[in-house]
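A.B. asks:
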Ligand code: ATP
Ligand code: BTN
């Protein structure tokens, strides 16, 4: 069955996306699939086989979409942005969080330009709108002791999907169409996202600038948050800052500062 807001003229295909893309690195090679297990999985296979820096894998549907902490990532066919980008950055392994930072900034800016919405970043890897999750980012890396072989940055954006009232996700997730009240061109949004990623990738070495831009878009700074780990242990406090390597600085009620590595923890507002 066709999704209510699906339009055949708005498919993520090379024919529709590549004209006038005008990027330097990101999307110079683009693989589009109608249905695939996971774009991250395919991108990792391609990267292992030597695919160039900036290669993009996109899909109209994933049968095994994956989120952080081994969760499943849902999206009805032809409704969302589901893509993964292969990067081969000149970064030390400990600096790889900068790619996730760069991607979340690019998503926030693309949403603002194409749909006029003001979204915010929730550490470590989510983009929120109207206090609900609109985008998730999953960065997976292949490194040797000293060098980065490749990183795959997977981005899922909920676009034309009626999530209000959705049984499992309605309370925690939203989509662009829910926020804007009308369908948004996925092709335009995808092109803008690739251009923004391309632009930001060019200035990845500007550590202080990237950190500043990320903090400007961050939604939880100065707010009370709860850090939840797998073992259901929670740490409460005020989110004070983020280090240049992406660690969260949390101030607990006793005034102590905790440096938290994203690893297997989640932040709750
Ligand atoms: P994170 O660990 O990334 O910080 P979280 O622990 O704060 O996330 P939420 O982002 O609040 O968790 O929860 C979202 C849940 O819904 C996750 O389990 C996520 O995998 C799942 N999910 C599946 N598909 C979607 C989607 N399209 N949009 C939003 N959430 C989704
Ligand atoms: C998260 O919030 O936990 C991250 C979600 C990442 C989902 C995207 S959709 C495209 C890419 N392919 C995947 O299997 N996952 C990412």
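Numbering (the numbering used here), first residue to last: 275 to 543.
Heads up, the beta-carbon is just placed ideally off N, CA and C, and yes, glycines get one too.
So, at 8 Å on beta carbons, what are the nonlocal neighbours of residue 276 in its own chain, with the 5 sequence-adjacent residues on each side left out?
C.D. replies: For the purposes of this step, residue 276 is taken as the residue at position 2 of the chain shown. Bear in mind that a pLDDT of 43 at residue 276, under 50, signals an unreliable position, so the model cannot answer this.
A.B. asks: According to DSSP, is residue 373 helix, strand or coil?
C.D. replies: Within the chain shown, the letter at position 99 stands for residue 373. It is helical.
A.B. asks: Can you tell me whether DSSP reads residue 480 as helix, strand or coil?
C.D. replies: The residue labelled residue 480 in the question sits at position 206 within the chain shown. Looking at residue 480 - three-state DSSP - the assignment turns out to be coil, as it is neither helix nor strand.
A.B. asks: Flag this pair as touching only if the segment 388-397 and the segment 334-341 have three or more C-beta atom pairs under 8 Å; answer yes or no.
C.D. replies: With the cut-off at 8 Å, the segment 388-397 and the segment 334-341 do not touch.
A.B. asks: Would you say residue 430 and residue 410 are within 8 Å of each other, going by their C-beta atoms?
C.D. replies: Indexing the chain shown from 1 puts residue 430 at position 156. Indexing the chain shown from 1 puts residue 410 at position 136. Yes.
A.B. asks: Pull up the distance between the alpha-carbon of residue 313 and that of residue 329, whole angstroms please.
C.D. replies: If you number the chain shown from 1, residue 313 lands on position 39. If you number the chain shown from 1, residue 329 lands on position 55. The alpha-carbon atoms of residue 313 and residue 329 are separated by roughly 12 Å.
A.B. asks: When we look at the beta-carbon of residue 493 and count the other beta-carbons within 10 Å, is it buried (16 or more) or exposed?
C.D. replies: For the purposes of this step, residue 493 is taken as residue 219 along the chain shown, with counting starting at 1. Buried.
A.B. asks: Is residue 399 near the ligand ATP, going by C-beta to nearest heavy atom under 7 Å?
C.D. replies: One-based indexing of the chain shown puts residue 399 at position 125. Yes, the ligand ATP has a heavy atom inside 7 Å of this Cβ.
A.B. asks: Out of curiosity, what's the CA-to-CA distance linking residue 334 and residue 327?
C.D. replies: For the purposes of this step, residue 334 is taken as the residue at position 60 of the chain shown. For the purposes of this step, residue 327 is taken as the residue at position 53 of the chain shown. Rounded to whole angstroms, residue 334 to residue 327 spans 23 Å at the Cα level.
A.B. asks: If distances are taken between C-alpha atoms only, which option among 438, 379, 350 comes closest to residue 491?
C.D. replies: Position 217 of the chain shown, counted from the first residue, corresponds to residue 491. With distances taken between Cα atoms, residue 491 lies closest to 379.
A.B. asks: What span of residues does the alpha helix (DSSP H) with residue 291 cover, start to end?
C.D. replies: The count along the chain shown starts at 1 and reaches residue 291 at position 17. First-last of the alpha helix (DSSP H) with residue 291: 288-291.
A.B. asks: Which residue from 399, 414, 286 puts its Cα closest to that of residue 362?
C.D. replies: Along the chain shown, read from residue 1 onward, the residue named residue 362 stands at position 88. Ranking the options by Cα distance to residue 362, first place goes to 414.
A.B. asks: Among the candidates 400, 521, 462, whose CA atom is the shortest distance from the CA of residue 384?
C.D. replies: Residue numbering aside, residue 384 sits at position 110 when the chain shown is read from its first letter. Among 400, 521, 462, the Cα nearest to that of residue 384 is on 462.
A.B. asks: Measuring only the C-alpha atoms, how far is residue 434 from residue 458?
C.D. replies: Counting from 1 along the chain shown, the entry for residue 434 is found at position 160. Counting from 1 along the chain shown, the entry for residue 458 is found at position 184. Rounded to the nearest angstrom, the two C-alpha atoms are 7 Å apart.
A.B. asks: Among residues of its own chain, excluding the 5 on either side of residue 528, which ones have a beta-carbon nearer than 7 Å to its beta-carbon?
C.D. replies: The residue labelled residue 528 in the question sits at position 254 within the chain shown. Nothing meets the Cβ criterion.
A.B. asks: Taking only the alpha-carbon atoms, compute the straight-line gap between residue 533 and residue 397 and give it to the nearest angstrom.
C.D. replies: Counted from its first residue, the chain shown places residue 533 at position 259. Counted from its first residue, the chain shown places residue 397 at position 123. Looking at the two C-alpha atoms, the distance is approximately 13 Å.
A.B. asks: Which residues share a DSSP beta bridge with residue 391?
C.D. replies: Residue 391 sits at position 117 when you count from the first residue of the chain shown. Paired residue(s): none; residue 391 is not in a bridge.
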